[in-house]
Amino acid sequence: MSIEKIDLELCNGCGICVSGCPMDVLRLDTRVVERNEFAPCRQACPAGTDMRSYFYLLKEGNLAEAFNVLRESIPLPAVTGRICPHPCESECARNQVDNAVNINSLERFVADYWLKERAQPIKKIYKSKVAVIGSGPAGLSAGYFLARMGYPVTIFEAMPVLGGMLRSAIPDYRLPKDVLDLQINYIRDMGVDFQTGVTIGEYLKFEELCNEYDSVFIATGNQLPGKIKLDGAELDGVLWGLDFLRDSNQNKTRLEGEQVVVIGGGNVAIDAAITALRLGAKDVALACLESDVEMPAFEEGIHQAQEEGVNIITSHGVSKILGSNGRVSGVMLPRCESLFDDQGIFNPCLDLNDNISLEASMIILAIGQKPDPACVPKGMKTTEEGAIVADPLTLETSTTGVFAGGDIIGEAGSVVEAIAAGKKASVSIDLYLKGNDIKTGRESKNYTVVHTPKYRIAEVARQSTPVNPHRENQGKFDEIKPGFTHEAAIQEVMRCTTCGSRAVIQYPEECMVCEGCVIDCPENAIYVSPEKLIPPLLSWG
Amino acid sequence: MNNMTNPGLPEYSPYSEDREFYSDVLVVGGGLAGCFAAIKAREQGASVTLIDKGYVGKSGQTPFSASSVVFNPSWGDDLDACMNQIISVGEYINNRDWVEICLKESYARFQELVSWGVEFEKAENGELLRLGKGANACKTVRREIRKIGAVMREQALKSGVSIIDRVMATELLKKDGRIVGVVAVQVASCNIYVFNSKATILAAGAGGMRSPGMPISELTHDADVMAFRAGAEIAGKEFIDTHSTNAKYPYYGGFGKVAGRFLKPGKLSLLSTPGKRRNAEGVELSSRLAQSLSMEFEVHAGRGPISFETSQGINPGISQKVGGAATGMASHLTEGLWATDTTCASSLPGLYSAGDSCATMMAGACYSTGGLGTMSAAVTGARSGLGAAGYCKQVSVLKADKDEISRAKKFTLAPIERQGGFSPRWATQVLQGIMIPYFVMHIKHEDRLNTALSQVEFLENHIIPKLTANDPHELRLACETRNMVLNAEMRIRSSLFRKESRGLHYREDYPRRDDDNWLAWVVLKEEQGRITTIKRPIPDKWRPDPSMPYEEKYLARFPGE
Numbered sequence: 001m002s003i004e005k006i007d008l009e010l011c012n013g014c015g016i017c018v019s020g021c022p023m024d025v026l027r028l029d030t031r032v033v034e035r036n037e038f039a040p041c042r043q044a045c046p047a048g049t050d051m052r053s054y055f056y057l058l059k060e061g062n063l064a065e066a067f068n069v070l071r072e073s074i075p076l077p078a079v080t081g082r083i084c085p086h087p088c089e090s091e092c093a094r095n096q097v098d099n100a101v102n103i104n105s106l107e108r109f110v111a112d113y114w115l116k117e118r119a120q121p122i123k124k125i126y127k128s129k130v131a132v133i134g135s136g137p138a139g140l141s142a143g144y145f146l147a148r149m150g151y152p153v154t155i156f157e158a159m160p161v162l163g164g165m166l167r168s169a170i171p172d173y174r175l176p177k178d179v180l181d182l183q184i185n186y187i188r189d190m191g192v193d194f195q196t197g198v199t200i201g202e203y204l205k206f207e208e209l210c211n212e213y214d215s216v217f218i219a220t221g222n223q224l225p226g227k228i229k230l231d232g233a234e235l236d237g238v239l240w241g242l243d244f245l246r247d248s249n250q251n252k253t254r255l256e257g258e259q260v261v262v263i264g265g266g267n268v269a270i271d272a273a274i275t276a277l278r279l280g281a282k283d284v285a286l287a288c289l290e291s292d293v294e295m296p297a298f299e300e301g302i303h304q305a306q307e308e309g310v311n312i313i314t315s316h317g318v319s320k321i322l323g324s325n326g327r328v329s330g331v332m333l334p335r336c337e338s339l340f341d342d343q344g345i346f347n348p349c350l351d352l353n354d355n356i357s358l359e360a361s362m363i364i365l366a367i368g369q370k371p372d373p374a375c376v377p378k379g380m381k382t383t384e385e386g387a388i389v390a391d392p393l394t395l396e397t398s399t400t401g402v403f404a405g406g407d408i409i410g411e412a413g414s415v416v417e418a419i420a421a422g423k424k425a426s427v428s429i430d431l432y433l434k435g436n437d438i439k440t441g442r443e444s445k446n447y448t449v450v451h452t453p454k455y456r457i458a459e460v461a462r463q464s465t466p467v468n469p470h471r472e473n474q475g476k477f478d479e480i481k482p483g484f485t486h487e488a489a490i491q492e493v494m495r496c497t498t499c500g501s502r503a504v505i506q507y508p509e510e511c512m513v514c515e516g517c518v519i520d521c522p523e524n525a526i527y528v529s530p531e532k533l534i535p536p537l538l539s540w541g
Numbered sequence: 001m002n003n004m005t006n007p008g009l010p011e012y013s014p015y016s017e018d019r020e021f022y023s024d025v026l027v028v029g030g031g032l033a034g035c036f037a038a039i040k041a042r043e044q045g046a047s048v049t050l051i052d053k054g055y056v057g058k059s060g061q062t063p064f065s066a067s068s069v070v071f072n073p074s075w076g077d078d079l080d081a082c083m084n085q086i087i088s089v090g091e092y093i094n095n096r097d098w099v100e101i102c103l104k105e106s107y108a109r110f111q112e113l114v115s116w117g118v119e120f121e122k123a124e125n126g127e128l129l130r131l132g133k134g135a136n137a138c139k140t141v142r143r144e145i146r147k148i149g150a151v152m153r154e155q156a157l158k159s160g161v162s163i164i165d166r167v168m169a170t171e172l173l174k175k176d177g178r179i180v181g182v183v184a185v186q187v188a189s190c191n192i193y194v195f196n197s198k199a200t201i202l203a204a205g206a207g208g209m210r211s212p213g214m215p216i217s218e219l220t221h222d223a224d225v226m227a228f229r230a231g232a233e234i235a236g237k238e239f240i241d242t243h244s245t246n247a248k249y250p251y252y253g254g255f256g257k258v259a260g261r262f263l264k265p266g267k268l269s270l271l272s273t274p275g276k277r278r279n280a281e282g283v284e285l286s287s288r289l290a291q292s293l294s295m296e297f298e299v300h301a302g303r304g305p306i307s308f309e310t311s312q313g314i315n316p317g318i319s320q321k322v323g324g325a326a327t328g329m330a331s332h333l334t335e336g337l338w339a340t341d342t343t344c345a346s347s348l349p350g351l352y353s354a355g356d357s358c359a360t361m362m363a364g365a366c367y368s369t370g371g372l373g374t375m376s377a378a379v380t381g382a383r384s385g386l387g388a389a390g391y392c393k394q395v396s397v398l399k400a401d402k403d404e405i406s407r408a409k410k411f412t413l414a415p416i417e418r419q420g421g422f423s424p425r426w427a428t429q430v431l432q433g434i435m436i437p438y439f440v441m442h443i444k445h446e447d448r449l450n451t452a453l454s455q456v457e458f459l460e461n462h463i464i465p466k467l468t469a470n471d472p473h474e475l476r477l478a479c480e481t482r483n484m485v486l487n488a489e490m491r492i493r494s495s496l497f498r499k500e501s502r503g504l505h506y507r508e509d510y511p512r513r514d515d516d517n518w519l520a521w522v523v524l525k526e527e528q529g530r531i532t533t534i535k536r537p538i539p540d541k542w543r544p545d546p547s548m549p550y551e552e553k554y555l556a557r558f559p560g561e
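This is how it looks when you write it as structure tokens:
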């Protein structure tokens with residue numbers, strides 16, 4: 001033998017031996033199926049994306065396989081590659097060396113590379129039909145995974161267009177509509193049937209749906225703005241955040257005047273503020289109850305809003321909207337002393353004597369969304385807030401065979417959480433339709449790799465996500481982030497330490513016994529024997 | 001949709017994974033020479049891409065090199081004495097201009113290495129340790145092996161060189177007689193990478209026949225063969241390297257001391273100690289470098305095996321020496337692309353070479369002292385980088401035609417696209433069987449060379465065109481086998497052509513040096529699909545004094561002369 005053994009207990013999957021072998025003897029096993037060990041990034045991803053596998057394929061120059069692996073867990077990679085809050089990156093083991101790998105931009109690179117690729121229709125191997133209500137990320141995700149399994153799936157959408165919040169609430173500069181269209185078309189090409197303009201409950205009764213389909217997944221999202229009682233809310237020039245974004249997304253500009261104040265600290269508020277600026281508002285302020293560290297919006301969005309000139313006023317609520325002649329003229333913003341009461345319940349305490357008063361021609365209220373009771377079938381158990389009650393493990397509702405996920409069950413969250421919900425529902429529906437117990441074995445048994453690569457990893461600067469200079473974008477809705485170039489993507493993916501993989505001796509015949517791998521291995525996991533023999537002459541094959 | 005088009009995608013096939021690059025200077029090979037070339041070209045303002053089929057900093061012979069000749073008059077070094085040492089061992093066919101350049105520029109390269117963080121061994125008194133045979137001989141400095149590569153890689157990156165690892169250059173691209181880039185294949189995926197450049201520097205080292213004992217199996221003369229196919233002149237193929245290995249652990253032994261040094265303490269420590277070589281009769285063999293073939297001569301005479309005796313005595317097996325560890329290679333800086341000037345320009349416009357890919361003929365017919373190769377790699381690397389960057393300033397960008405690219409691509413991918421055929425591993429083994437026996441390349445004779453030639457030609461004509469690869473790794477093997485076989489033919493033809501013995505070229509049928517006819521270099525060139533041999537005499541001013549007696553001129557003795 002030559003290179004004889006790799007101690008799989010010691011090997012940490014860093015891949016130094018794989019890239020460093022002059023004779024190309026080694027490969028990485030990134031699946032490591034015999035161990036339930038996930039890399040920290042994968043464990044942090046609600047959808048369970050196997051980053052190390054597709055990143056390794058990317059390192060190896062195999063973009064096609066990388067795309068296939070990404071698609072195993074992500075139904076809308078070009079969407080998540082743009083707007084996912086990437087919880088994976090906070091957990092990336094590379095943080096111990098320098099900075100996290102730019103996982104989000106790499107996802108987008110792979111997805112964009114194959115953006116125009118058409119899906120092959122998937123053969124339907126089951127007769128049981130599944131209905132999905134809502135074509136937002138959760139609904140699309142459920143449809144995608146069920147179609148992959150071979151189920152006939154129909155997705156019902158009340159609106160004339162598909163995509164739910166992805167289309168109505170996310171501005172073009174973050175997610176261009178043509179990208180969303182291509183991603184949805186991919187799912188359509190797989191064989192998922194879409195019915196638009198169909199409101200379940202009006203056009204088609206829920207009971208009829210249940211009769212026609214063998215299982216139903218409800219993913220209607222949060223349709224209603226979280227309205228509050230507020231003096232002056234009835235004035236002209238006061239808009240709800242989601243309505244404002246939806247109109248803007250349909251090119252129905254609703255900017256009134258030049259001074260805009262947005263109330264709220266979430267992602268809708270941030271997008272409303274940036275959109276107002278891009279529509280031509282001169283002064284845009286955003287006021288929220290939370291302090292700057294408590295704001296629920298993604299940091300990236302907050303940063304972008306500040307960059308573009310949004311005046312963010314933290315720790316301030318709203319007490320009154322001022323008006324004259326029936327129109328908005330300003331707003332009173334009292335300081336928020338605390339957000340929660342002694343019991344830890346959300347109960348903001350405002351100091352009405354400490355106010356900021358702003359002039360405004362338009363007020364956008366973006367203070368959260370809630371489920372629309374019209375979307376909840378009669379008799380189904382709901383929470384006080386009107387969300388459908390569903391088992392967190394299986395997403396089954398109080399009605400057997402009916403599942404619900406995403407915002408409609410009160411788990412207001414990011415796009416990747418909605419996708420994860422759709423994936424979870426698809427697994428439950430598959431088990432249910434096969435007559436299996438839908439609970440057994442569903443608890444996650446995976447654990448995170450502890451032994452992550454740290455030593456002998458050279459520091460390499462992270463390729464940051466490119467951002468177009470905002471000044472050029474003023475008044476436009478072109479995408480803010482142009483995406484990685486091929487070069488940047490390859491450089492960045494090389495930083496991935498493929499945590500928890502295992503090196504494999506793939507081509508021992510070529511080992512020249514130079515011992516480079518032995519010397520470079522940070523874990524002393526490789527054994528090379530001096531006793532390599534000159535091989536006998538092979539047959540010609 | 002403009003904002004979605006990925007600028008990295010090649011225009012001609014939106015869904016292919018092929019990639020296209022441009023840089024002013026392309027460097028192929030990431031050893032010491034390649035890194036120096038890349039860094040120096042970059043310093044001149046050229047954009048530089050450095051590619052390697054392995055990993056820049058871990059490839060080639062650089063990781064195993066431990067010493068470097070450093071010449072510095074202010075340390076008391078004497079230029080004439082050092083040059084005479086190199087030239088007398090090189091048996092007068094050294095290119096004296098290059099000997100002088102390599103010596104004179106060695107100190108500047110050494111200083112650069114120190115400033116980048118390479119540590120050299122110090123004596124007990126804290127001063128730089130300098131070793132050499134005799135007061136006036138070339139002196140070498142030593143450093144820890146395996147360390148220099150990482151420093152060079154880091155320095156290249158710092159300089160702004162763009163590094164792409166695991167990409168094997170397979171074919172040069174031509175346009176209007178100029179070299180305008182290379183086609184390369186990614187070794188794990190078969191993706192084709194097209195590198196366009198104004199100037200290309202080949203620094204892919206020398207190569208061998210993958211014989212056990214030298215960790216140079218990765219080197220398969222990729223540069224020489226690629227350049228030869230494109231019409232470049234190649235020289236120095238008749239001289240053979242004489243590294244040996246041990247009989248018990250043939251894969252471990254070749255680098256002798258070096259191999260021993262990186263083993264864990266207590267393991268095969270015998271290899272790390274200097275010792276004496278004795279024939280079966282117990283007679284000590286001369287350690288004179290000019291008699292590097294002495295082991296082969298003894299074995300040929302029936303006085304083998306040769307034992308390697310250390311202070312710890314003789315260890316059966318490990319101590320038993322066997323030859324041929326580096327069959328297929330010549331002395332450093334003696335074979336490769338013919339250097340037409342002192343900037344390492346080849347005979348093709350836009351093409352440069354450096355290190356062991358560059359036939360400066362500095363070492364002549366025999367390599368005189370350890371550490372000369374490393375330093376000359378640094379010097380030729382730097383010079384080729386400066387030369388190529390200067391060339392870039394004079395020419396405009398030329399891009400290879402689509403037909404030319406697709407020809408090179410087709411040639412590269414042929415083995416993986418072929419359905420049936422011969423395994424490259426098998427073809428390599430057959431080649432080893434033809435070329436490694438000592439009586440082919442070390443002790444030569446016209447009859448045996450012709451026998452080997454007819455077999456190698458059979459490989460070239462019938463096996464190589466039918467090589468097949470099952471995966472990307474085997475595609476690399478197929479490309480390498482193709483290169484090794486052509487290198488074998490070049491070696492045999494050069495050896496047949498030089499009808500004398502000199503340095504590391506010994507012909508049983510012509511055992512004496514023939515100064516009247518062979519103070520000359522053998523240059524090869526492809527013409528109409530055939531290898532042609534050219535004799536290129538050394539300048540008259542470099543010929544040794546004709547009045548000097550033969551035995552004085554040539555200190556090493558050949559059997560039968």
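Keeping their order, the protein sequence lines are chains P and U.
Mapping of the first sequence onto my numbering: residues 1 to 541, in sequence order.
Mapping of the second sequence onto my numbering: residues 1 to 561, in sequence order.
Built from N, CA and C at the ideal position, the CB exists for glycine as well.
Spell out the partners DSSP gives Arg335/P in its beta bridges.
-> Position 335 of the first sequence holds residue 335/P. Answer is His316/P and Asp351/P, bridged to Arg335/P.
Within-8 Å CB hit, Ala188/U to chain P | Here residue 188/U refers to the residue found at position 188 when the second sequence is read from its first residue. For Ala188/U, the answer is yes, since a Cβ of chain P falls inside 8 Å of its Cβ.
Under the assumption that Leu28/P contacts Tyr56/P (Cβ atoms under 8 Å), give the Cβ distance between them as a whole number of angstroms.
-> Residue mapping note: residue 28/P aligns to position 28 of the first sequence, counting from 1. Residue mapping note: residue 56/P aligns to position 56 of the first sequence, counting from 1. Yes, Leu28/P and Tyr56/P are in contact; Cβ-Cβ is about 5 Å, under 8 Å.
In whole angstroms, what is the alpha-carbon distance linking Thr532/U and Gly420/U?
-> As a working mapping, residue 532/U is identified with position 532 in the second sequence. As a working mapping, residue 420/U is identified with position 420 in the second sequence. C-alpha separation (whole angstroms): 33 Å.
Which residues of chain P have a Cβ atom closer than 9 Å to the Cβ of Ser106/U, listed in chain order?
-> Counted from its first residue, the second sequence places residue 106/U at position 106. Under the 9 Å cutoff, chain P gives no residues; its nearest Cβ is about 27 Å from Ser106/U.
Measure the alpha-carbon distance for Tyr367/U versus Ser501/P and round it to whole angstroms.
-> Within the second sequence, the letter at position 367 stands for residue 367/U. Within the first sequence, the letter at position 501 stands for residue 501/P. Each residue's Cα considered, the two are about 46 Å apart.
For Leu519/U, the three-state DSSP class (helix, strand or coil) | As a first step, residue 519/U is located in the second sequence; it is residue number 519 there, counting from the start. Three-state DSSP puts Leu519/U in coil, outside helix and strand.
Might you give, ordered along the chain, the residues of its own chain that have their beta carbon closer than 7 Å to the beta carbon of Pro482/P, omitting 5 neighbours on each side?
-> One-based indexing of the first sequence puts residue 482/P at position 482. If we look at Pro482/P and ignore the five residues flanking it on each side, its Cβ neighbours are Pro466 and Asn468.
At a CB-CB cut-off below 8 Å, which residues of chain P make contact with Pro63/U?
-> Residue mapping note: residue 63/U aligns to position 63 of the second sequence, counting from 1. Those are Cys514 and Gly516, listed as they occur along chain P.
Quick one: residues in its chain with C-beta nearer than 6 Å to the C-beta of Val402/P, no 5 flanking neighbours on either side, listed in chain order?
-> Within the first sequence, residue 402/P is the residue found at index 402, counting from 1. Excluding residues within five positions, the ones whose Cβ falls inside 6 Å are Val216.
Would you check if the distance between the CB atom of Pro46/P and the CB atom of Glu417/P is smaller than 8 Å?
-> Stepping through the first sequence from its first residue, residue 46/P is reached at position 46. Stepping through the first sequence from its first residue, residue 417/P is reached at position 417. Yes, the Cβ-Cβ distance between Pro46/P and Glu417/P is below 8 Å.
Contacting residues, own chain, Cβ-Cβ under 7 Å from Pro63/U (five flanking each side not counted) | Locating residue 63/U in the second sequence gives position 63, where the first residue counts as 1. For Pro63/U, where only same-chain residues beyond five positions count, the Cβ hits under 7 Å are Ile145, Arg146 and Gly149.
Using the C-alpha atoms, what's the distance from Pro437/U back to Leu486/U?
-> Position 486 of the second sequence, counted from the start, is the residue given in the question as residue 486/U. Position 437 of the second sequence, counted from the start, is the residue given in the question as residue 437/U. Taking the straight line from one Cα to the other gives about 18 Å.
Chain P within 8 Å of Asp222/U, Cβ atoms only | In the second sequence, the residue the question calls residue 222/U occupies position 222. No, Asp222/U lies away from the interface with chain P (no Cβ there is under 8 Å from its Cβ).
Answer yes or no: the CB of Arg456/P versus the heavy atoms of the ligand ADP, is any distance below 7 Å?
-> Ligands are entirely absent from the displayed structure, and the ligand ADP is therefore not among its contents.
Reference Asp222/U; option with closest CA among Phe558/U, Arg507/U, Ser74/U and Glu480/U = To locate residue 222/U, count along the second sequence from 1; it is residue 222. Comparing Cα positions, the closest option is Glu480/U.
Would a check of beta-carbon distances place Ser90/P closer than 8 Å to chain U?
-> Walking along the first sequence from the start, residue 90/P turns up at place 90. Taking Cβ atoms only, chain U never reaches closer than 8 Å to Ser90/P, which makes this a no.
Which residues in the same chain have their Cβ closer than 7 Å to the Cβ of Leu358/P, if we skip the five residues on either side of it in sequence?
-> Against the first sequence, residue 358/P aligns to sequence position 358. Within the same chain, Leu358/P has close Cβ partners Val261, Ala285, Gly330, Val331 and Leu333.
In DSSP terms, what Val440/U is bridged to | Here residue 440/U corresponds to residue number 440 of the second sequence, with the count starting at 1. None, per the DSSP bridge assignment.
What's the gap between the Cα of Phe156/P and the Cα of Ser73/P?
-> Taking the first sequence and counting its residues from 1, the one referred to as residue 156/P is at position 156. Taking the first sequence and counting its residues from 1, the one referred to as residue 73/P is at position 73. Taking the straight line from one Cα to the other gives about 23 Å.
Spatial neighbours of Tyr55/U in its chain, beta-carbon cut-off 8 Å, leaving aside the 5 residues before and after | For the purposes of this step, residue 55/U is taken as residue 55 along the second sequence, with counting starting at 1. Once the five neighbours on either side are set aside, the close Cβ partners of Tyr55/U are Gly30, Asp165 and Arg166.
Cβ distance (whole Å) where Phe67/P is taken to contact Val110/P below 8 Å = Residue numbering aside, residue 67/P sits at position 67 when the first sequence is read from its first letter. Residue numbering aside, residue 110/P sits at position 110 when the first sequence is read from its first letter. Contact flag correct, Cβ pair sits at about 5 Å.
Look up Glu527/U in the DSSP assignment and say whether it is helix, strand or coil.
-> Numbered from its first residue, the second sequence carries residue 527/U at position 527. Glu527/U falls in the strand class under three-state DSSP.
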